[in-house]
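Below you'll find the structure, written out as C-alpha cells, and then a few comments.
Numbering (our numbering), first residue to last: 368 to 861.
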C-alpha cells in the first residue's frame with residue numbers, strides 16, 4: 368500500500384516546489400519593479416537636478432512617481448525638483464513649464480488714471496430758475512391770459528390783467544396836480560413819489576406821464592421764459608398784496624438727482640464733468656457738471672445724493688425723465704497694473720511676482736481705484752517689478768501644493784448657512800466689494816437698496832459693465848459682509 372501511494376506523494380511535492388519557485392520569481396520581479404519606480408521618483412535630470420515627483424498643476428494633491436501624460440488633463444505631468452522645493456518662499460518653474468502653462472508677465476508702471484463710473488438719476492426742475500409773480504397791492508383779476516399749469520410762456524408775454532384801486536387813485540391825484548397852473552411842481556413830485564410807493568413799476572409811471580390819462584387796468588407780464596409750474600389766480604378773484612399769482616420755472620437748464628454709493632461719491636468734486644443720456648433721445652449726449660454733493664445719506668441704500676446741472680437746449684429734457692449719467696473724475700498719476708493680473712479672494716488681493724530664473728512668489732497688494740482695465744496699486748509693489756498676467760491660477764495651484772503660502776483662492780469660508788438668490792444690477796467694485804442694486808429680499812427683511820458684497824472666489828464675470836443685470840447667489844456670514852457665492856451676467860458677460 369505504501370509503495371502504491373509513494374509516486375503520488377512525490378508528484379505533489381514536486382508541484383508544491385514548482386509553485387513556490389514561481390512565487391519567489393514573481394516576488395523578485397515585483398520588488399525590482401518597485402525599486403525601479405522609486406528610482407524614477409528620485410530620478411536626476413541631465414542638468415543634474417533631482418526630481419521629487421511629478422504632478423498635474425490643475426489637480427493639486429495627486430503625485431506620480433513617473434513622467435508621462437496627465438490622466439486628468441491633455442498635458443504632460445510636471446516635475447517637482449528638490450532644489451525648487453527647498454525655496455519655501457517661491458514657486459520654481461522651468462522654461463518648458465513656462466511655455467506649457469502659458470505664463471506671461473507684465474511690468475508694474477506709472478500711468479494716468481481717470482476713474483469713471485455710471486449711475487442712474489431722474490430729471491428735476493432747476494429750482495434756481497424759479498420766479499414768482501406776485502400782486503403788489505390788493506387787486507381784482509379781470510382777465511386771465513394764461514390758464515393752465517405747465518403752459519409755456521415767453522419773456523414779456525402777458526399773463527393777466529388786473530384792476531388795482533390804489534394805483535388808480537394815485538394816478539388821478541398825480542394828473543390833477545400836474546394840470547393845475549404853475550407853482551405846484553413840489554406837489555407834482557410828491558404825487559409821483561406816492562405812485563412809486565404804491566408799487567407802480569417805473570415803466571407804468573412813465574406811461575401815465577406820457578399819455579396823461581389814468582391806466583385803470585395793469586397787464587402783468589412774464590419776467591422770464593419757461594413753464595408755469597403753479598397758477599394761483601382765476602378770473603374774478605380778489606387778490607391781496609403779496610399773493611403769488613404765477614410761479615414760472617425756466618427750462619434752459621435742469622437738475623438731475625443721482626444716488627451714488629458712498630465710495631464713489633468720495634471721488635467726485637463740485638464742477639466735475641458729467642455726460643448724460645436719455646432713452647428718449649438715443650445718440651444724444653447732454654453735458655453738465657456736478658453742482659453739489661448733498662450732505663445727506665440715504666439710510667436704506669447707503670448712498671449720497673449728487674445734484675447735477677445740465678444744459679437743456681430746446682427744453683427737451685422734462686422733469687421726471689429717467690437718465691443714465693457718466694461721471695468722470697480728474698486724471699492723476701498712479702502705479703498701475705492690469706486688472707487681469709489680480710487674484711481676488713474676497714478678503715485680499717494677491718499677485719504672483721516674477722523674481723527671475725523661473726521663480727514666482729505670491730504677494731499681497733492693496734488696491735485703489737480701477738478704470739479702463741487698469742487697477743491702482745497703493746501698496747505691495749514698486750515700479751518696474753514683473754507680475755504674472757496669465758497663468759497665475761496655475762501657479763496658485765502649485766503654491767498650494769508646495770505649501771509656499773496659504774492657498775491664494777482660499778477666502779475665509781462663510782459661516783455655513785442658507786444661500787439666497789436674487790437678480791440685481793451691477794454698479795461697480797469699491798474697496799474689493801461688489802456694489803449691487805437689488806430688489807427687496809423678504810427672507811432677510813431687506814428693502815431695495817444698493818450695497819456692497821464680498822467678491823466670489825471664482826471672481827466676477829469677465830467684461831461685466833456698470834448697469835448690467837446679474838443673477839447672484841450669496842450668503843450672509845454671521846457678523847460679516849454678505850458674501851457672493853456666484854455671479855452670472857444676464858444678457859452679456861459669462
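Built from N, CA and C at the ideal position, the CB exists for glycine as well. On a predicted model such as this, the values are computed, not experimentally measured, just so you know.
Beta carbon of residue i nearer than 8 Å to that of residue j
i, j, result
"residue 786", "residue 852", "yes"
"residue 490", "residue 628", "no"
"residue 461", "residue 691", "no"
"residue 836", "residue 790", "yes"
"residue 688", "residue 625", "no"
"residue 696", "residue 816", "no"
"residue 537", "residue 567", "yes"
"residue 731", "residue 747", "yes"
"residue 742", "residue 706", "yes"
"residue 641", "residue 694", "yes"
"residue 823", "residue 796", "no"
"residue 708", "residue 677", "no"
"residue 701", "residue 478", "yes"
"residue 584", "residue 671", "no"
"residue 540", "residue 581", "no"
"residue 421", "residue 446", "yes"
"residue 819", "residue 848", "yes"
"residue 579", "residue 554", "no"
"residue 563", "residue 572", "yes"
"residue 431", "residue 444", "yes"
Range covered by the beta strand (DSSP E) that runs through residue i
i, result
"residue 719", "716-723"
"residue 576", "Note, residue 576: premise wrong, no beta strand (DSSP E); alpha helix (DSSP H) at 569-578."
"residue 648", "Element bounds for residue 648: n/a, residue is neither H nor E."
"residue 841", "836-842"
"residue 744", "741-746"
"residue 582", "First-last for residue 582: undefined, no H or E at that position."
"residue 475", "Element bounds for residue 475: n/a, residue is neither H nor E."
"residue 855", "850-856"
"residue 731", "726-738"
"residue 416", "No beta strand (DSSP E) holds residue 416; DSSP gives it neither H nor E."
"residue 701", "699-705"
"residue 753", "753-757"
"residue 821", "816-821"
"residue 802", "800-805"
"residue 691", "689-695"
"residue 445", "445-448"
Beta-bridge partners of residue i, as assigned by DSSP
i, result
"residue 664", "671"
"residue 616", "497, 594"
"residue 437", "According to DSSP, residue 437 bridges with nothing at all."
"residue 788", "840"
"residue 710", "717"
"residue 811", "Answer by DSSP bridge pairing: none, since residue 811 is not bridged."
"residue 652", "DSSP, once it has assigned bridges, lists no residue as partnering residue 652."
"residue 624", "489, 674"
"residue 528", "510, 586"
"residue 657", "675"
"residue 797", "800"
"residue 520", "593"
"residue 641", "655, 694"
"residue 460", "For residue 460, which the question treats as bridged, DSSP gives no partner whatsoever."
"residue 483", "695"
"residue 503", "BP columns for residue 503 are empty, so no partner."
"residue 430", "422"
"residue 605", "507"
First and last residue of the uninterrupted alpha helix (DSSP H) at residue i
i, result
"residue 556", "552-564"
"residue 544", "532-546"
"residue 632", "629-632"
Any non-hydrogen atom of the ligand HEM closer than 7 Å to residue i Cβ
i, result
"residue 471", "As far as ligands go, the structure on display features none, and thus does not contain the ligand HEM."
For the structure I just gave you, are there three or more beta carbon pairs, one from the segment 635-652 and one from the segment 798-810, closer than 8 Å?
no
Is it the case that the segment 717-725 contacts the segment 669-685, given that we only count it when at least three CB pairs across the two stretches are under 8 Å?
no
Do the segment 491-504 and the segment 618-628 meet, that is, are 3 or more Cβ pairs less than 8 Å apart?
yes
Three or more C-beta pairs below 8 Å linking the segment 540-548 and the segment 632-641:
no
Across the segment 478-486 and the segment 577-596, are there enough close Cβ pairs to call them in contact, namely three or more that are closer than 8 Å?
no
Would you be able to state if there are at least three C-beta pairs under 8 Å between the segment 595-610 and the segment 507-520?
yes
Is it a yes or a no for the segment 498-514 touching the segment 611-618, going by three-plus beta-carbon pairs under 8 Å?
yes
Please determine if the segment 506-513 and the segment 602-609 are in contact, where contact requires at least 3 C-beta pairs separated by less than 8 Å.
yes
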